[in-house]
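Contents: one structure, followed by commentary.
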Amino acid sequence: MVPIAQPGPLTDTERFMFESMGYLVIPGALTTEETAACLEASQRAHGAEPGAWRQIGHLHETEPAIEKLLDHPSVLPKIRALLGDYFIVQSTWCTAQPAHGKAGGYHQDGSGVYEFRRLSIPTPLLQLRVGYYLTDQSQPDMGNMVMIPGSHSSSVKIPKSVVADDADLPIHDVVCGKPGDALLFHQGVFHRTGRNAQDFDRYTMHIVYAPPWLIPSDRSHNDPAFLERTTPVRRALMGEWKRPEEPFGVGYDRPPFAD
1 MVPIAQPGPL
11 TDTERFMFES
21 MGYLVIPGAL
31 TTEETAACLE
41 ASQRAHGAEP
51 GAWRQIGHLH
61 ETEPAIEKLL
71 DHPSVLPKIR
81 ALLGDYFIVQ
91 STWCTAQPAH
101 GKAGGYHQDG
111 SGVYEFRRLS
121 IPTPLLQLRV
131 GYYLTDQSQP
141 DMGNMVMIPG
151 SHSSSVKIPK
161 SVVADDADLP
171 IHDVVCGKPG
181 DALLFHQGVF
191 HRTGRNAQDF
201 DRYTMHIVYA
211 PPWLIPSDRS
221 HNDPAFLERT
231 TPVRRALMGE
241 WKRPEEPFGV
251 GYDRPPFAD
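Last residue of the sequence shown: 259 (the numbering used here), numbering continuous.
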(Lines of atoms letter the chains of each structure in order from A; the text may use other names.)
(Lines give C-alpha, C1' and ligand atoms only; values in the text may rest on other atoms or scores of the structure.)
Protein backbone atom coordinates (compact mmCIF):
# COMPACT_ATOMS: atom_id res chain seq x y z
CA MET A 1 0.00 0.00 0.00
CA VAL A 2 2.75 2.44 -0.96
CA PRO A 3 1.62 5.58 -2.84
CA ILE A 4 4.30 5.48 -5.53
CA ALA A 5 4.67 8.50 -7.83
CA GLN A 6 6.98 9.23 -10.73
CA PRO A 7 9.35 12.20 -11.02
CA GLY A 8 7.84 15.19 -12.81
CA PRO A 9 4.28 16.52 -13.12
CA LEU A 10 1.55 15.45 -10.70
CA THR A 11 -0.86 13.03 -12.36
CA ASP A 12 -4.54 12.71 -11.46
CA THR A 13 -3.80 9.36 -9.82
CA GLU A 14 -0.96 10.83 -7.78
CA ARG A 15 -3.15 13.73 -6.64
CA PHE A 16 -5.83 11.29 -5.47
CA MET A 17 -3.26 9.24 -3.56
CA PHE A 18 -1.80 12.37 -1.97
CA GLU A 19 -5.20 13.69 -0.92
CA SER A 20 -6.16 10.27 0.46
CA MET A 21 -2.95 9.27 2.24
CA GLY A 22 -1.16 12.58 2.68
CA TYR A 23 2.12 11.56 1.08
CA LEU A 24 3.83 10.22 -2.03
CA VAL A 25 7.04 8.24 -2.49
CA ILE A 26 9.05 9.24 -5.58
CA PRO A 27 11.70 6.65 -6.53
CA GLY A 28 14.70 7.97 -8.43
CA ALA A 29 14.01 11.64 -7.76
CA LEU A 30 17.75 12.30 -7.74
CA THR A 31 20.48 10.81 -9.89
CA THR A 32 23.30 8.83 -8.33
CA GLU A 33 25.62 11.79 -8.88
CA GLU A 34 23.20 14.29 -7.31
CA THR A 35 22.66 12.04 -4.32
CA ALA A 36 26.39 11.58 -3.76
CA ALA A 37 27.01 15.33 -3.94
CA CYS A 38 24.22 16.07 -1.45
CA LEU A 39 25.45 13.36 0.91
CA GLU A 40 28.97 14.74 0.80
CA ALA A 41 27.65 18.23 1.60
CA SER A 42 25.54 16.86 4.46
CA GLN A 43 28.41 14.90 6.00
CA ARG A 44 30.62 17.96 5.75
CA ALA A 45 28.01 20.10 7.53
CA HIS A 46 27.47 17.57 10.33
CA GLY A 47 31.14 16.67 10.69
CA ALA A 48 31.71 19.02 13.62
CA GLU A 49 29.32 17.07 15.87
CA PRO A 50 29.33 13.40 14.83
CA GLY A 51 27.23 10.81 16.60
CA ALA A 52 24.30 13.05 17.50
CA TRP A 53 20.83 13.60 16.08
CA ARG A 54 20.66 17.12 14.71
CA GLN A 55 19.30 19.17 11.87
CA ILE A 56 21.02 22.07 10.14
CA GLY A 57 19.12 24.79 8.35
CA HIS A 58 19.66 26.83 5.16
CA LEU A 59 22.53 24.75 3.73
CA HIS A 60 21.22 25.83 0.33
CA GLU A 61 23.07 29.12 0.89
CA THR A 62 26.50 27.49 1.11
CA GLU A 63 26.24 24.12 -0.65
CA PRO A 64 25.61 24.18 -4.43
CA ALA A 65 24.42 20.56 -4.46
CA ILE A 66 21.72 21.40 -1.89
CA GLU A 67 20.79 24.63 -3.70
CA LYS A 68 19.85 22.61 -6.79
CA LEU A 69 17.13 20.84 -4.80
CA LEU A 70 15.15 24.07 -4.31
CA ASP A 71 13.58 23.83 -7.76
CA HIS A 72 14.49 20.28 -8.77
CA PRO A 73 12.49 19.20 -11.85
CA SER A 74 11.62 15.82 -10.32
CA VAL A 75 9.54 17.47 -7.62
CA LEU A 76 8.86 21.15 -8.39
CA PRO A 77 5.98 20.42 -10.83
CA LYS A 78 4.20 18.52 -8.05
CA ILE A 79 4.74 21.41 -5.63
CA ARG A 80 3.21 23.84 -8.11
CA ALA A 81 0.27 21.51 -8.73
CA LEU A 82 -0.50 21.30 -5.00
CA LEU A 83 0.33 24.85 -3.86
CA GLY A 84 -0.15 26.91 -7.01
CA ASP A 85 2.53 29.28 -8.28
CA TYR A 86 2.72 31.59 -5.27
CA PHE A 87 4.80 29.91 -2.57
CA ILE A 88 8.20 30.12 -0.91
CA VAL A 89 10.88 27.77 0.37
CA GLN A 90 10.07 28.21 4.04
CA SER A 91 13.02 26.13 5.22
CA THR A 92 15.62 23.58 4.30
CA TRP A 93 16.76 21.09 6.92
CA CYS A 94 19.61 18.60 6.66
CA THR A 95 18.96 15.90 9.26
CA ALA A 96 21.36 13.29 10.57
CA GLN A 97 20.33 10.35 12.72
CA PRO A 98 23.33 8.56 14.21
CA ALA A 99 24.00 4.87 13.93
CA HIS A 100 21.91 2.95 16.47
CA GLY A 101 19.81 6.07 17.06
CA LYS A 102 16.47 5.80 18.84
CA ALA A 103 13.03 6.34 17.32
CA GLY A 104 11.23 9.65 17.67
CA GLY A 105 7.64 10.35 18.71
CA TYR A 106 4.64 10.96 16.47
CA HIS A 107 3.88 14.57 15.62
CA GLN A 108 2.52 16.91 12.99
CA ASP A 109 4.82 19.55 11.54
CA GLY A 110 4.12 23.25 11.94
CA SER A 111 3.95 25.64 14.87
CA GLY A 112 4.30 24.18 18.34
CA VAL A 113 2.68 27.22 19.97
CA TYR A 114 -0.23 27.49 17.52
CA GLU A 115 -0.96 24.16 15.87
CA PHE A 116 -2.18 24.38 12.30
CA ARG A 117 -5.02 22.00 13.15
CA ARG A 118 -6.54 24.87 15.17
CA LEU A 119 -7.30 26.63 11.89
CA SER A 120 -9.61 23.92 10.60
CA ILE A 121 -10.23 20.18 10.37
CA PRO A 122 -9.01 18.61 8.14
CA THR A 123 -5.72 20.38 8.81
CA PRO A 124 -5.01 22.72 5.88
CA LEU A 125 -1.93 22.22 3.73
CA LEU A 126 0.48 24.90 4.95
CA GLN A 127 3.80 23.09 4.68
CA LEU A 128 4.60 20.72 1.83
CA ARG A 129 7.76 18.85 2.70
CA VAL A 130 10.10 16.88 0.48
CA GLY A 131 12.62 14.56 2.11
CA TYR A 132 15.41 13.34 -0.17
CA TYR A 133 16.96 10.08 1.02
CA LEU A 134 20.74 10.42 0.91
CA THR A 135 21.53 7.07 2.56
CA ASP A 136 19.98 3.65 2.21
CA GLN A 137 16.55 3.24 3.82
CA SER A 138 15.40 0.31 1.72
CA GLN A 139 14.57 -1.80 4.79
CA PRO A 140 12.98 -1.02 8.17
CA ASP A 141 15.21 0.05 11.09
CA MET A 142 17.32 2.31 8.88
CA GLY A 143 16.07 5.60 10.31
CA ASN A 144 12.99 5.50 8.09
CA MET A 145 10.09 7.90 8.26
CA VAL A 146 7.05 6.23 9.80
CA MET A 147 3.71 7.64 8.61
CA ILE A 148 0.10 7.23 9.69
CA PRO A 149 -1.70 7.19 6.31
CA GLY A 150 -4.59 9.62 6.03
CA SER A 151 -4.03 11.13 9.48
CA HIS A 152 -3.89 14.66 8.03
CA SER A 153 -7.69 14.37 7.81
CA SER A 154 -8.23 13.10 11.35
CA SER A 155 -10.26 15.23 13.77
CA VAL A 156 -8.49 13.71 16.78
CA LYS A 157 -4.87 13.38 17.82
CA ILE A 158 -2.98 10.13 18.26
CA PRO A 159 -3.70 8.64 21.71
CA LYS A 160 -0.99 9.15 24.31
CA SER A 161 -0.94 5.39 24.81
CA VAL A 162 0.74 4.98 21.40
CA VAL A 163 4.48 4.43 21.88
CA ALA A 164 6.91 4.08 18.98
CA ASP A 165 8.20 0.52 18.45
CA ASP A 166 6.41 -0.62 21.63
CA ALA A 167 2.66 0.03 21.51
CA ASP A 168 2.52 1.37 17.96
CA LEU A 169 -0.52 1.78 15.76
CA PRO A 170 -1.19 -1.24 13.50
CA ILE A 171 -1.84 1.09 10.54
CA HIS A 172 1.61 2.72 10.60
CA ASP A 173 3.65 2.68 7.39
CA VAL A 174 7.43 2.38 7.53
CA VAL A 175 8.47 4.23 4.38
CA CYS A 176 11.40 2.52 2.71
CA GLY A 177 13.51 3.94 -0.08
CA LYS A 178 16.88 3.87 -1.76
CA PRO A 179 19.37 6.74 -1.90
CA GLY A 180 17.96 9.33 -4.30
CA ASP A 181 14.31 8.52 -3.59
CA ALA A 182 12.07 11.25 -2.17
CA LEU A 183 9.13 11.43 0.23
CA LEU A 184 6.63 14.24 -0.37
CA PHE A 185 4.14 14.82 2.45
CA HIS A 186 1.48 17.07 3.95
CA GLN A 187 2.58 18.58 7.27
CA GLY A 188 -0.63 17.35 8.89
CA VAL A 189 0.25 13.67 8.54
CA PHE A 190 1.27 12.27 11.91
CA HIS A 191 4.76 10.90 11.46
CA ARG A 192 7.96 10.08 13.31
CA THR A 193 11.52 8.98 12.77
CA GLY A 194 12.09 5.25 13.07
CA ARG A 195 15.05 3.79 14.89
CA ASN A 196 18.34 3.37 13.06
CA ALA A 197 19.73 -0.05 13.92
CA GLN A 198 22.51 0.23 11.35
CA ASP A 199 26.22 0.87 11.80
CA PHE A 200 26.07 4.08 9.73
CA ASP A 201 24.41 7.46 10.16
CA ARG A 202 21.21 8.22 8.25
CA TYR A 203 21.05 11.45 6.23
CA THR A 204 17.96 13.09 4.75
CA MET A 205 17.67 16.50 3.10
CA HIS A 206 14.32 18.24 3.62
CA ILE A 207 12.92 21.13 1.58
CA VAL A 208 9.76 22.74 2.99
CA TYR A 209 7.45 24.78 0.73
CA ALA A 210 4.74 27.04 2.14
CA PRO A 211 2.40 29.95 1.35
CA PRO A 212 4.33 33.23 0.91
CA TRP A 213 3.03 34.75 4.16
CA LEU A 214 4.45 31.99 6.38
CA ILE A 215 7.75 33.21 7.81
CA PRO A 216 10.91 31.14 7.24
CA SER A 217 11.79 28.78 10.08
CA ASP A 218 15.43 28.00 9.26
CA ARG A 219 16.76 31.55 8.90
CA SER A 220 16.10 35.07 10.20
CA HIS A 221 17.14 36.58 6.88
CA ASN A 222 18.43 35.53 3.48
CA ASP A 223 22.15 35.75 2.80
CA PRO A 224 22.67 38.71 0.40
CA ALA A 225 25.57 36.92 -1.31
CA PHE A 226 23.37 33.91 -2.01
CA LEU A 227 20.57 36.08 -3.40
CA GLU A 228 23.07 37.81 -5.65
CA ARG A 229 24.51 34.67 -7.21
CA THR A 230 21.51 32.31 -7.36
CA THR A 231 19.01 31.96 -10.21
CA PRO A 232 15.94 34.22 -10.60
CA VAL A 233 13.54 31.38 -9.72
CA ARG A 234 15.44 30.38 -6.59
CA ARG A 235 15.75 34.01 -5.56
CA ALA A 236 11.99 34.43 -5.90
CA LEU A 237 11.40 31.33 -3.76
CA MET A 238 13.35 32.84 -0.86
CA GLY A 239 10.56 35.29 0.03
CA GLU A 240 12.77 38.39 0.07
CA TRP A 241 10.08 41.07 0.39
CA LYS A 242 10.57 44.76 -0.33
CA ARG A 243 7.41 45.67 1.60
CA PRO A 244 5.82 43.85 4.57
CA GLU A 245 2.45 43.47 2.84
CA GLU A 246 3.92 42.08 -0.39
CA PRO A 247 3.37 38.35 0.38
CA PHE A 248 -0.32 39.07 0.92
CA GLY A 249 -0.75 39.83 -2.77
CA VAL A 250 -0.14 43.56 -3.13
CA GLY A 251 2.25 43.66 -6.06
CA TYR A 252 3.59 40.15 -5.47
CA ASP A 253 5.13 39.02 -8.75
CA ARG A 254 4.77 35.41 -9.83
CA PRO A 255 8.09 33.54 -9.63
CA PRO A 256 9.64 33.38 -13.13
CA PHE A 257 8.97 29.72 -13.82
CA ALA A 258 9.80 28.50 -17.32
CA ASP A 259 6.13 27.89 -18.19
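For each residue, glycine too, the CB sits at the ideal point set by N, CA and C. Since the structure is predicted, the reported quantities are computational estimates derived from the model, not experimental observations.
Quick check on DSSP: helix, strand or coil for residue i?
{"i": "Thr35", "result": "helix"}
{"i": "Phe16", "result": "helix"}
{"i": "Arg229", "result": "helix"}
{"i": "Ala236", "result": "helix"}
{"i": "Pro7", "result": "coil"}
{"i": "Glu245", "result": "coil"}
For residue i, which residues from the same chain have a beta carbon less than 6 Å from its beta carbon, with the 5 sequence-adjacent residues on both sides left out?
{"i": "Val130", "result": "Val75, Ala182, Leu184, Ile207"}
{"i": "Ile65", "result": "Ile is not the amino acid found at residue 65; the sequence shown has Ala there. Only Ala37, Cys38, Ala41 meet the Cβ criterion."}
{"i": "Gly104", "result": "Arg192, Thr193"}
{"i": "Glu246", "result": "Tyr252"}
Name the DSSP beta bridge partners of residue i, please?
{"i": "Tyr252", "result": "Tyr252 is not bridged to any residue."}
{"i": "Val2", "result": "In the DSSP output, where bridge partners are listed per residue, Val2 has none listed."}
{"i": "Leu24", "result": "Leu184"}
Report all residues from its chain with a CB closer than 7 Å to the CB of residue i; omit the five preceding and five following residues, and keep chain order.
{"i": "Gln139", "result": "Cys176"}
{"i": "Thr204", "result": "Thr95, Gly131, Tyr132, Tyr133, Leu134"}
{"i": "Asn144", "result": "Gln137, Val174, Val175, Cys176, Gly194"}
{"i": "Glu61", "result": "Asp223, Phe226"}
{"i": "Ala236", "result": "Pro255, Pro256"}
Tell me which same chain residues have a C-beta within less than 8 Å of the C-beta of residue i, skipping the five on either side of it?
{"i": "Leu24", "result": "Pro3, Ile4, Ala5, Glu14, Met17, Phe18, Lys78, Leu183, Leu184, Phe185"}
{"i": "Thr31", "result": "Gly180"}
Checklist entry - Touch check for the stretch 103 to 116 and the stretch 228 to 235: three-plus C-beta pairs under 8 Å? => result Contact between the stretch 103 to 116 and the stretch 228 to 235 is absent, because fewer than three Cβ pairs lie under 8 Å.
Next on the checklist: Restricting to runs no shorter than 4 residues, where is the alpha helix (DSSP H) found entirely within the stretch 37 to 125?
Outcome noted: Segments of the alpha helix (DSSP H) lying fully in the stretch 37 to 125: 64 to 67, 76 to 83.
Checklist entry - Taking only runs of the beta strand (DSSP E) that begin and end inside the stretch 164 to 217, which ones reach a length of at least 3 residues, in chain order? => result You should have 173 to 175, 182 to 186, 191 to 193, 202 to 210.
Checklist entry - Which runs of the beta strand (DSSP E) fall wholly inside the stretch 125 to 168 and span at least 3 residues, in chain order? => result As far as the stretch 125 to 168 is concerned, its whole beta strand (DSSP E) runs of at least 3 residues are 128 to 133, 145 to 147.
Next on the checklist: Under 8 Å, with one C-beta from each stretch per pair, do the stretch 46 to 61 and the stretch 154 to 166 reach the 3-pair mark?
Outcome noted: Taking a contact to require three or more Cβ pairs closer than 8 Å, the stretch 46 to 61 and the stretch 154 to 166 do not qualify as touching.
Checklist entry - Using 8 Å as the Cβ pair cut-off and three pairs as the minimum, do the stretch 162 to 181 and the stretch 77 to 87 touch? => result Segment contact: the stretch 162 to 181 against the stretch 77 to 87, fewer than three CB-CB distances shorter than 8 Å; contact not assigned.
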